[in-house]
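Numbering (the working numbering), first residue to last: 2 to 86.
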């Protein structure tokens with residue numbers, strides 16, 4: 002399943018709550034320009050389905066963590082910078 006990682010001895014285990022979102026935010030933080038779903042997918046190792054990456058980015062958008070801009074038929078995603086408190 003797309004939200005699993007491989008543990009020791011080949012066993013699968015679920016990622017911790019919010020771990021996948023954190024990984025995607027980290028990938029977007031490294032992007033020098035707005036990123037596509039495919040770019041984020043590749044950055045995370047490519048073991049996640051395109052639709053999984055799109056779903057998580059859409060959830061992050063709903064939470065106000067990222068912005069998206071339509072370019073052609075797809076979106077480009079950018080991390081919203083938050084100043085230090």
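Where a beta carbon is used, it is the ideal one built from N, C-alpha and C, also for glycine.
Between residue 68 and residue 81, the gap from beta carbon to beta carbon is short of 7 angstroms.
Nearest to residue 28 by alpha-carbon distance, out of 50, 43, 17, 52, is 43.
Rounded to whole angstroms, the gap between the alpha carbons of residue 64 and residue 35 is 18 angstroms. Taking the Cα of residue 49 as reference, the smallest distance to any Cα among 32, 22, 77, 79 is reached at 22. C-alpha of residue 75 to C-alpha of residue 55: approximately 10 angstroms in a straight line.
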